[in-house]
Amino acid sequence: MASHHASGEPRDKTYFEQQREALIGEIAMSFEQVLANINKLNRSLEAVITVGNEFSSVEALWSQFENVMGKQEEQAEHGASEGGQKKDA
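Numbering-wise, numbering that gives the first Met the number 0 puts 11 at position 12 of the sequence shown, and it's gapless, one number per residue.
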């Protein structure tokens, strides 16, 4: 379709075009806000992961302690059950 303003002179924008440009501008600003919030969320997640990683050595120590205490408890239970069987015999 040929335009009525083919001579290159600027033409007035229609109401639709004005509204479209306004909405596109709002959408662009919203995308910028979303991007900024995603970046902020990413930094927060990285901080949480860093704090969690700082506790890994403490977790390993407590896990080792739990395993040692569990083995001692197991040995004590086996010793008590074997001792009880010997008394009955």
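Glycine included, each C-beta is placed from N, C-alpha and C at the ideal position. Remember, predicted model here, so these are calculated numbers, not experimental data.
With DSSP run on the structure shown, which of helix, strand or coil describes residue i?
{"i": "Phe54", "result": "coil"}
{"i": "Lys12", "result": "coil"}
Verify the contact flag: residue i, CB atom, against every heavy atom of the ligand NAD, threshold strictly below 6 Å.
{"i": "Ser29", "result": "You won't find the ligand NAD in this model; it holds no ligand whatsoever."}
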